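If you read the protein sequences in the order shown, they are chains A and B. Heads up, the first sequence is in the numbering used here, so the first residue is 1 and it goes up one at a time. Heads up, the second sequence is in the numbering used here, so the first residue is 117 and it goes up one at a time. Glycine included, each C-beta is placed from N, C-alpha and C at the ideal position. No experiment lies behind these values; they were computed from the predicted model shown.
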Amino acid sequence: GAVVSQHPSRVICKSGTSVKIECRSLDFQATTMFWYRQFPKQSLMLMATSNEGSKATYEQGVEKDKFLINHASLTLSTLTVTSAHPEDSSFYICSARVSGLAYEQYFGPGTRLTVT
Amino acid sequence: AQSVTQPDIHITVSEGASLELRCNYSYGATPYLFWYVQSPGQGLQLLLKYFSGDTLVQGIKGFEAEFKRSQSSFNLRKPSVHWSDAAEYFCAVGAGTGGFKTIFGAGTRLFVKA
């Protein structure tokens, strides 16, 4: 089956620093990847849609300058949290859409970010 | 606007008992519907999906769901729950055309008691 990995699985950083999270589709090409944020005991909130070779589309209320998304290849998308603050601490999950299958998404295991 | 409602924040069932998790959606066109399961600190695993055809959909781990257009519902069922089924369950609807966004419900936490 389609596998999506995320790295790192958890990261702790100091306030004001930047953190990069990688999302890879291991055995398929993903023209579209999605980035979600999940607060404890809450649902997934879509942050942005990342299309290979083009700029990401951000959801309303998501700061594009703070959450930088790059989708440089068909198997890799990165999310960089810039100038992180404690309120950015959350569980970040990516998913990858299988090309040609509109709603087939496969989710990564998530990255726990803690900003101190 | 598209939305998904899961009325039950949490449910507790005894091991071996049957389970039904409720899901209602709001979407103008034919919906693409999903159920996902999430174990603590993990990503989401797809249990089953409905795109078209037979309204009773079979999934993994013995789960099934029934699409009822008249009730705008897509309830998840399992005839006999195992302790390992304890997790968070999310109902979702695929929305939009070019964007193919997935909108998630708030989730239902399933507790299984011995």
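Residues of its chain near residue i, where Cβ-Cβ distance is below 7 Å and the 5 sequence neighbours each way are ignored
{"i": "residue 143 of chain B", "result": "118, 209 and 211"}
{"i": "residue 74 of chain A", "result": "29, 30, 31 and 52"}
{"i": "residue 12 of chain A", "result": "114 and 116"}
{"i": "residue 123 of chain B", "result": "138"}
{"i": "residue 57 of chain A", "result": "48 and 49"}
{"i": "residue 154 of chain B", "result": "160, 203, 204 and 206"}
{"i": "residue 62 of chain A", "result": "47 and 48"}
{"i": "residue 214 of chain B", "result": "In this prediction, residue 214 of chain B scores a pLDDT of 48, lower than 50, which makes its location untrustworthy; no coordinate-derived value is stated."}
Beta-carbon proximity list for residue i, same chain, < 6 Å, skipping 5 on both sides
{"i": "residue 112 of chain A", "result": "10 and 91"}
{"i": "residue 137 of chain B", "result": "192, 205 and 224"}
{"i": "residue 168 of chain B", "result": "none"}
{"i": "residue 174 of chain B", "result": "180"}
{"i": "residue 7 of chain A", "result": "22"}
{"i": "residue 66 of chain A", "result": "82"}
{"i": "residue 189 of chain B", "result": "140"}
{"i": "residue 20 of chain A", "result": "78 and 80"}
{"i": "residue 199 of chain B", "result": "131 and 228"}
Whole-Å CB distance - residue i paired with residue j, under 8 Å assumed
{"i": "residue 140 of chain B", "j": "residue 171 of chain B", "result": "Their Cβ separation, rounded to whole angstroms, is 15 Å, which puts residue 140 of chain B and residue 171 of chain B out of contact at 8 Å."}
{"i": "residue 160 of chain B", "j": "residue 107 of chain A", "result": "4 Å"}
{"i": "residue 79 of chain A", "j": "residue 69 of chain A", "result": "6 Å"}
{"i": "residue 93 of chain A", "j": "residue 38 of chain A", "result": "6 Å"}
{"i": "residue 163 of chain B", "j": "residue 152 of chain B", "result": "6 Å"}
Beta-carbon contacts of residue i that lie in its chain and below 8 Å, excluding the five residues immediately before and after
{"i": "residue 86 of chain A", "result": "15, 115 and 116"}
{"i": "residue 227 of chain B", "result": "126, 127, 128, 129 and 202"}
{"i": "residue 54 of chain A", "result": "71"}
{"i": "residue 18 of chain A", "result": "80, 81, 82, 83 and 84"}
{"i": "residue 218 of chain B", "result": "150, 208, 209, 210 and 211"}
{"i": "residue 36 of chain A", "result": "44, 45, 46, 47, 92, 93, 94 and 95"}
{"i": "residue 89 of chain A", "result": "113, 114 and 115"}
Per-residue burial, residue i [other beta carbons within 10 Å of its own, 16 or more giving buried]
{"i": "residue 185 of chain B", "result": "exposed"}
{"i": "residue 197 of chain B", "result": "buried"}
{"i": "residue 177 of chain B", "result": "exposed"}
{"i": "residue 110 of chain A", "result": "buried"}
{"i": "residue 95 of chain A", "result": "buried"}
{"i": "residue 3 of chain A", "result": "exposed"}
{"i": "residue 316 of chain B", "result": "Residue 316 of chain B is absent from the structure shown; chain B starts at 117 and stops at 230."}
{"i": "residue 183 of chain B", "result": "buried"}
{"i": "residue 133 of chain B", "result": "exposed"}
{"i": "residue 60 of chain A", "result": "exposed"}
{"i": "residue 105 of chain A", "result": "buried"}
{"i": "residue 64 of chain A", "result": "exposed"}
{"i": "residue 165 of chain B", "result": "buried"}
{"i": "residue 194 of chain B", "result": "buried"}
{"i": "residue 230 of chain B", "result": "exposed"}
{"i": "residue 221 of chain B", "result": "buried"}
{"i": "residue 1 of chain A", "result": "exposed"}
{"i": "residue 187 of chain B", "result": "exposed"}
Contacts of residue i in chain E (Cβ-Cβ under 9 Å)
{"i": "residue 206 of chain B", "result": "Annotation note: the requested chain E is absent from the structure, which comprises protein chains A and B."}
Residue i CB to nearest heavy atom of the ligand MG below 7 Å
{"i": "residue 20 of chain A", "result": "Judged by which ligands are present, the structure shown has none, so any question about the ligand MG falls away."}
Count the C-beta pairs between the segment 41-49 of chain A and the segment 19-29 of chain A that are closer than 8 Å, then say yes if the count reaches three, no if not. no
Three-pair Cβ contact test at 8 Å for the segment 125-132 of chain B versus the segment 143-159 of chain B: no
Which full runs of the beta strand (DSSP E) of 3+ residues lie inside the segment 13-100 of chain A, going along the chain? Counting only runs that start and end inside the segment 13-100 of chain A, the beta strand (DSSP E) elements of at least 3 residues fall at 19-25, 30-38, 44-51, 67-73, 76-81 and 90-98.
Runs of alpha helix (DSSP H) lying entirely within the segment 145-173 of chain B, each at least 4 residues, in chain order: For the segment 145-173 of chain B, not a single whole alpha helix (DSSP H) run of length 4 or above is found.
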